[in-house]
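First comes the structure, then the notes that go with it.
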Amino acid sequence: MKFRKLGSSDIEASVIGFGAWAIGGWMWGGTEEQSAINAINTAIDNGVNLIDTAPMYGYGRSEEIIGKAIKGKRNKIILATKCGLIWDTADWEKGKGELHFYSDDDTIVDDKKNTYRVYKYLRPESIRTEVEQSLKRLSTDYIDLLQTHWQESTTPLDDTIGELLNLKKEGKIRSIGCSNVNLDQLNTYIKSKQLDVDQERFSLLDKNIIQDGLLDACQKANVSIFAYSPLANGLLTGKFTEQREFGKGDLRNSNPRFRPENICKINEKLEKLKPIAQSHNLTSVQLIIAWTAAKYSNMHVLCGMRNPKQAEENAKAGDITLSNDEIKIIEETF
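First residue of the sequence shown: 916, per this note's numbering; consecutive thereafter.
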């Protein structure tokens, strides 16, 4: 496994990170706790020390599972979580925060139907409350990296950054990150001189961080990038057929990318890349992950791992070096 420092911090994290959205169950058709715990332990055994989660992933469920899985191993783990998405709190005040979406999911708590209003909310007092809740769910007294999950316009960004700096001074967090930003927001974070990570969607099918200037800005400021959805919610694994059906509550049911004709199109492209994968003794999944990691010297790739088999396969991509010619062929194919 390759390791890279998070921005200008002294925190060394594995190139492959355990992306913990799916194990929260929400939008993924539910979760199986023991399988998730086994997946985390398998990832750790295969060199992964970076685990990325968020309160929003299963409404705290993902953090709770991680807290159980890393018991007795905390000093070996780089824990990254987030703040800034809240759901139906009693003290929510009109005009504070922005409505992000309505969540209607019947696989979250004991198969009971739950409907939530989810808000983007980054006021200092809310961030502090979220951190305390995350510390409890994760069964730890510090967070290695705290990221603002989504940005919102009702709270001055300087106020948000100020609270993150306070939490860092207090030792509750070790480093600061942001996520889902535009270039102006990113530059505001960078001006604080304390930003170590920007987490953004990035894959062969999602290259907005290049087109929008985020990658260039991070390179200039020595800010690491966490790439989420590098396999495009599984579409780039090549494991889906045109007949694939997803479970109840799975976000891919309504995603046009998963139409049968598009699955077929993507699989044809992946088939063309098999000679490169085979030359490195890799699966298609590992090749795509390796390409993602190669796009930036400070890139970390967050991979969903719902069971030990996925964890082992994804982790093995963390020690692969592709040639420039191979990278070019992969990009031209897509």
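Backbone N, C-alpha and C define an ideal beta-carbon position, used for all residues, glycine too. Since this is a predicted model, take the numbers as computed values, not measurements.
Tell me the rounded alpha-carbon separation between ASN1229 and GLN1109.
The residue given as residue 1229 occupies position 314 in the sequence shown. The residue given as residue 1109 occupies position 194 in the sequence shown. Straight-line Cα distance between these residues: approximately 30 angstroms.
Can you give the beta carbon distance from LYS997 to SER1107, rounded, assuming they're within the 8 angstroms contact cut?
In the sequence shown, counting from the first residue as 1, residue 997 sits at position 82. In the sequence shown, counting from the first residue as 1, residue 1107 sits at position 192. Cβ atoms of LYS997 and SER1107 stay farther apart than 8 angstroms, at about 18 angstroms.
On the DSSP bridge list, what partners appear for LYS997?
Looking up residue 997 in the sequence shown gives position 82. Looking at the DSSP assignment, LYS997 forms a beta bridge with GLN1062.
DSSP-derived helix/strand/coil call for LYS1084:
As a first step, residue 1084 must be located in the sequence shown, where it is residue number 169. For LYS1084, the three-state secondary structure derived from DSSP is helix.
Using 8 angstroms as the cut-off, can you tell me whether the stretch 928 to 935 makes contact with the stretch 964 to 983, which would need three or more C-beta pairs spanning the two stretches below that distance?
Three or more Cβ pairs closer than 8 angstroms define a contact, and the stretch 928 to 935 meets that threshold against the stretch 964 to 983.
Is VAL1200 helix, strand or coil by DSSP?
Mapped onto the sequence shown, residue 1200 falls at position 285. Three-state result, VAL1200: helix.
How many whole angstroms separate the CB atoms of LYS917 and GLY1219, which I take to be in contact at a CB cut-off of 8 angstroms?
Along the sequence shown, one-based indexing puts residue 917 at 2. Along the sequence shown, one-based indexing puts residue 1219 at 304. Incorrect: roughly 20 angstroms between the Cβ atoms, too far for contact.
Contacting residues, own chain, Cβ-Cβ under 6 angstroms from LEU1120 (five flanking each side not counted):
As a position in the sequence shown, residue 1120 is number 205, starting the count at 1. Its chain contains ALA1147 as the residues whose beta carbon lies nearer than 6 angstroms to that of LEU1120, once the 5 sequence neighbours on both sides are disregarded; these appear in chain order.
VAL1112, DSSP secondary structure in three states:
For the purposes of this step, residue 1112 is taken as the residue at position 197 of the sequence shown. VAL1112: strand per DSSP, three-state reduction.
Starting from GLU1176, trace the alpha helix (DSSP H) in both directions and tell me its first and last residue.
Here the question's residue 1176 lines up with position 261 in the sequence shown. Note, GLU1176: alpha helix (DSSP H), 1175 to 1187.
Tell me whether the stretch 975 to 987 and the stretch 1049 to 1060 touch, counting them as touching only if at least three CB pairs, one residue from each stretch, are closer than 8 angstroms.
Using a C-beta cut-off of 8 angstroms, the stretch 975 to 987 makes contact with the stretch 1049 to 1060, since at least three inter-stretch Cβ pairs fall below that distance.
State the start and end residues of the unbroken alpha helix (DSSP H) segment that holds GLU927.
Translated into the one-based positions of the sequence shown, residue 927 becomes position 12. It is not in any alpha helix (DSSP H) - GLU927 instead sits in the beta strand (DSSP E) that spans 927 to 929.
According to DSSP, GLY934 sits in a beta bridge with which residue or residues?
On the sequence shown, position 19 is the one that residue 934 refers to. Per the DSSP secondary-structure output, GLY934 pairs in a beta bridge with ASP967 and GLY1219.
Name the one or two DSSP bridge partners that GLU1002 has.
For this step, residue 1002 is matched to residue 87 along the sequence shown. The question names Glu, but residue 1002 in the sequence shown is Trp. According to DSSP, which records beta bridges pairwise, TRP1002 is partnered with VAL1033.
Residue from THR1152, LEU1060, HIS1015 and GLU1040 with nearest C-alpha to GLY922
Translated into the one-based positions of the sequence shown, residue 922 becomes position 7. A check of alpha carbon separations from GLY922 across THR1152, LEU1060, HIS1015 and GLU1040 identifies LEU1060 as the nearest.
Does the Cβ-Cβ distance between GLU1047 and TYR1034 come in under 8 angstroms?
If you number the sequence shown from 1, residue 1047 lands on position 132. If you number the sequence shown from 1, residue 1034 lands on position 119. Remark: C-beta atoms of GLU1047 and TYR1034 do not approach each other more closely than 8 angstroms.
In whole angstroms, what separates the C-alpha of VAL1024 from that of ILE993?
Here residue 1024 is taken as the residue at index 109 of the sequence shown, counted from 1. Here residue 993 is taken as the residue at index 78 of the sequence shown, counted from 1. The pLDDT assigned to VAL1024 is 45, lower than 50, so where the model puts this residue is not dependable, and the model offers no usable value.
Compare the Cα-Cα distances from LYS988 to each of LEU1129, LEU1217, GLN1062 and THR1055 and report the closest residue.
Within the sequence shown, residue 988 is the residue found at index 73, counting from 1. If we check each option's Cα against that of LYS988, THR1055 comes out closest.
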